[in-house]
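In the UniProt record's numbering, the protein residues as written are 1 to 654. One structure below.
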């Protein structure tokens with residue numbers, strides 16, 4: 001049974017008296033306002049007096065205890081017992097050791113041998129969450145108040161050599177140096193030294209921008225600045241957490257990034273169709289050579305607004321025509337057929353509303369969404385950013401809508417640390433990127449398909465494949481390329497050849513037609529592959545946020561003395577009860593972590609074969625005949641349909 005202190009400590013000279021009563025004794029008095037129901041097990045109070053009690057008298061170094069052990073009015077109701085201090089410490093040790101909740105619950109429940117259980121056997125996830133909070137074991141939570149926790153982290157970052165906080169403005173304060181931000185605006189920009197190096201090195205090619213929500217409970221948006229590295233893999237260079245994503249706010253943010261990284265002039269800028277991101281970037285940095293809309297965002301908008309067309313069959317027809325025109329690779333052909341398509345829609349009453357929508361939002365910016373204006377740009381969708389945000393939410397935030405901002409910041413810092421380590425691994429051990437996988441897949445396709453190849457000139461070939469004609473050309477580079485995005489069988493990389501097919505022109509892949517040409521006309525010279533020593537890589541050299549190996553200090557006594565002085569200084573500076581509560585929580589976390597490190601408990605090894613696939617489960621299935629779906633789906637037109645649509649539009653002009 002548990003006891004609680006009934007009254008304050010009674011002190012008479014050197015005699016100190018403590019009174020403890022049974023925790024079941026007393027009458028339940030609700031302290032709430034009626035918003036929440038009483039817990040399912042009810043109150044532990046028996047609405048009466050239990051005679052069990054303790055009287056503890058402390059006189060100098062002597063302790064005299066008077067114990068009344070008889071309990072009345074209640075039994076040993078397990079649901080009303082509390083976890084003991086030793087049980088909490090054991091659980092805190094396991095949690096500090098990184099053991100997941102489900103493993104701890106499984107270990108506790110496996111000790112139950114009969115129906116007579118103790119309080120520890122009623123352990124649930126909520127109990128473990130309470131222990132994490134009580135012992136301050138949450139890695140990124142420094143204070144119960146979210147804003148205080150965030151500011152504590154920012155103050156610590158200011159003392160680091162790697163100044164990862166580029167700019168911070170909290171709510172309730174005015175920044176006189178940035179008048180575009182209001183008093184209630186919140187802005188936090190995170191970009192460490194390694195991210196700055198990557199932005200400076202690869203930002204001249206492609207810049208991708210996008211915002212996402214659901215990372216905190218305050219509706220703050222997370223805006224990410226992303227570039228493509230030498231492997232054509234996305235790398236986030238800056239994170240912006242803000243309550244607004246309008247032009248004044250983002251212009252201020254990009255100006256702060258420019259002050260850190262310098263002016264970035266990019267070749268391709270990709271974002272959604274909202275003007276705020278692009279206008280803010282141009283205002284702070286420089287106007288890019290090309291501004292492209294994400295093809296996914298454009299297609300999603302068309303699928304939504306094609307419903308303005310009357311009739312399901314006509315919606316499918318209009319959508320296919322629009323996709324066919326979008327994928328045209330010749331600018332003159334696109335302009336002629338697009339104008340003919342708009343006129344055709346305007347003449348049809350059922351399609352006129354959709355035609356007005358296209359004229360309002362897409363006629364004046366065809367350079368941003370039509371395929372013929374993004375040839376060999378190397379970027380068609382914002383899939384790198386979409387993938388990054390999905391990985392952040394489902395892996396680092398565990399697939400839940402974030403509530404606390406400090407946890408989101410911790411997840412961002414962990415994500416960046418992992419990305420930088422992945423770069424070290426890629427430079428040392430090598431890795432197969434998605435772009436390299438596409439190159440290998442295209443080579444396999446060329447070995448199974450029949451093609452007719454005619455050499456037109458020294459650096460141009462005509463390829464007949466699937467009843468269509470394509471042209472493969474060699475790119476006369478001024479300097480031999482030594483990148484790793486190459487086919488080892490063809491002895492060529494992605495930069496040395498290009499084709500007139502969509503896979504090469506839009507997706508910027510080394511298509512099967514290029515592989516077919518190189519198989520029939522092999523190259524004589526061997527490629528030189530650039531081998532990068534990761535120790536000499538400027539980006540890796542700037543990584544200072546990665547934790548160092550844990551090793552014993554050279555002078556342990558000096559380390560203890562320094563820690564002792566810091567702890568005494570903290571105790572001397574504590575002026576309020578809240579200060580002491582924070583220090584006690586920190587001590588509790590240190591004790592639990594030290595216990596976990598000293599114990600060095602190992603998880604039991606799995607006995608099953610980790611490489612063996614799970615046996616498929618036998619599934620039940622319906623035998624009812626399904627009614628056919630008469631509604632036609634919006635699908636991308638086939639090659640034959642595209643040819644037919646283009647021919648009909650051309651004939652309509654005659």
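Each residue gets a CB set at the ideal place from its N, CA and C atoms; glycine is no exception.
Unbroken alpha helix (DSSP H) runs of length 4 or more, entirely within the segment 82–133: which are they?
Secondary structure within the segment 82–133: the alpha helix (DSSP H) runs of 4 or more consecutive residues, fully enclosed, are 85–96 and 101–109 (chain order).
Inter-residue Cα distance where the pair is residue 176 and residue 409:
Taking the straight line from one Cα to the other gives about 26 Å.
Residue 661 classed as buried or exposed, judged by whether at least 16 other C-beta atoms fall within 10 angstroms:
The structure shown does not extend to residue 661, since the chain is modelled only from 1 to 654, so the question has no answer here.
DSSP three-state label for residue 245, please.
If DSSP states are grouped into helix, strand and coil, residue 245 belongs with coil.
Alpha carbon of residue 20 to alpha carbon of residue 53, nearest angstrom
Separation of residue 20 and residue 53 (C-alpha to C-alpha, rounded to the nearest whole angstrom) is 6 Å.
Would you report the Cα separation of residue 354 and residue 308, rounded to the nearest angstrom?
Approximately 6 Å between the Cα atoms of the pair.
Would you please state the rounded distance, in angstroms, between the beta carbons of residue 250 and residue 280? I believe it to be under 8 Å.
Confirmed, Cβ separation roughly 3 Å.
According to DSSP, is residue 373 helix, strand or coil?
DSSP places residue 373 in helix when its eight states are reduced to three.
Go through its chain and collect everything with a Cβ distance to residue 496's Cβ below 8 Å, but skip five positions before and after it.
Excluding positions up to five away in sequence, the list reads 474, 475, 477 and 481.
Per DSSP, what kind of secondary structure is residue 464 in: helix, strand or coil?
Annotated three-state conformation of residue 464 is strand, per DSSP.
Please say whether residue 403 and residue 637 have beta carbons closer to each other than 9 Å?
In this structure, the beta-carbon distance from residue 637 to residue 403 does not fall below 9 Å.
Three or more C-beta pairs closer than 8 Å, one from the segment 373–391 and one from the segment 499–513: is that the case here?
They touch, by the three-pair rule.
So residue 258 packs on residue 278, CB below 8 Å; how close in whole Å?
That belief does not hold up - the Cβ atoms of residue 258 and residue 278 are roughly 16 Å apart, past 8 Å.
Count the other CB atoms within 10 Å of the CB of residue 174; is the residue buried (16 or more) or exposed (fewer)?
Exposed, by the Cβ-count rule.
Within its chain, find whatever has a CB closer than 7 Å to the CB of residue 392; leave out the 5 residues flanking it on each side and keep chain order.
The residues are 411 and 415.
Buried versus exposed, by CB contacts within 10 Å (16 or more), residue 571:
That one is exposed.
Around the Cβ of residue 647, are there at least 16 other Cβ atoms within 10 angstroms (buried) or fewer (exposed)?
Of the residues assessed, residue 647 falls on the exposed side of the cut-off, its CB having fewer than 16 other CB atoms within 10 angstroms.
Helix, strand or coil at residue 608 according to DSSP, with G and I counted as helix:
Annotation note: pLDDT 41 at residue 608 (below 50); position unreliable, no value reported.
Just verifying my parser: in three-state terms, what is the DSSP assignment at residue 329?
If DSSP states are grouped into helix, strand and coil, residue 329 belongs with coil.
Please report how far the alpha carbon of residue 313 lies from the alpha carbon of residue 352, in whole angstroms.
If I take the Cα positions, the gap works out to 16 Å.
What three-state label does DSSP hand residue 18 in the structure shown?
Note: residue 18 maps to strand in three-state DSSP.
Quick one, which of 445, 18, 560 and 441 has its alpha-carbon nearest residue 65's?
Comparing Cα positions, the closest option is 18.
When DSSP labels each residue in this structure, what does residue 599 get in the three-state scheme?
In this prediction, residue 599 scores a pLDDT of 48, lower than 50, which makes its location untrustworthy; the coordinate-derived value is nonetheless stated afterwards. It is helical.
Where does residue 457 sit, in a helix, a strand or coil, going by DSSP?
Residue 457: strand per DSSP, three-state reduction.
Compare the C-alpha of residue 119 against each of 145, 132 and 81 and name the closest.
The shortest Cα separation from residue 119 among 145, 132 and 81 belongs to 81.
What ranges does the beta strand (DSSP E) occupy inside the UniProt domain "MULE transposase" (207–299), keeping only unbroken runs of at least 3 residues that lie completely in it?
The qualifying runs are 221–228, 234–242, 268–271 and 290–293.
Determine the extent of the beta strand (DSSP E) in which residue 68 is found, giving its start and end residues.
Annotation for residue 68: the continuous beta strand (DSSP E) segment containing it runs 62–68.
Drop a sphere of 10 angstroms on the beta-carbon of residue 425, count the other beta-carbons inside from all chains shown, and report buried for 16 or more, exposed for fewer.
Exposed.
Can you name, in chain order, every residue of its own chain whose Cβ lies under 8 Å from the Cβ of residue 471, other than the five neighbours on each side?
Result list for residue 471: 456, 460, 461, 462, 463, 499 and 500, in chain order.
How many whole angstroms separate the CB atoms of residue 518 and residue 490, which I take to be in contact at a CB cut-off of 8 Å?
Residue 518 to residue 490, Cβ: 4 Å. Contact.
Distance, residue 139 Cα to residue 110 Cα
C-alpha separation (whole angstroms): 28 Å.
Where residue 427 falls: helix, strand or coil (DSSP)
Residue 427 falls in the helix class under three-state DSSP.
Let me know the secondary structure DSSP gives residue 670 once reduced to three states.
No information on residue 670 is available, as it lies outside the stretch 1 to 654 that the chain covers here.
Given this structure, state the Cα-to-Cα distance separating residue 96 from residue 125, to the nearest angstrom.
Whole-angstrom Cα-Cα distance: 15 Å.
Please work out which residues of its chain come closer than 6 Å, Cβ to Cβ, to residue 25, disregarding the five sequence neighbours upstream and downstream, and give them in chain order.
Within the same chain, residue 25 has close Cβ partners 49 and 50.
Residue 397 in three-state terms, based on DSSP:
Residue state, collapsed to three classes: coil.
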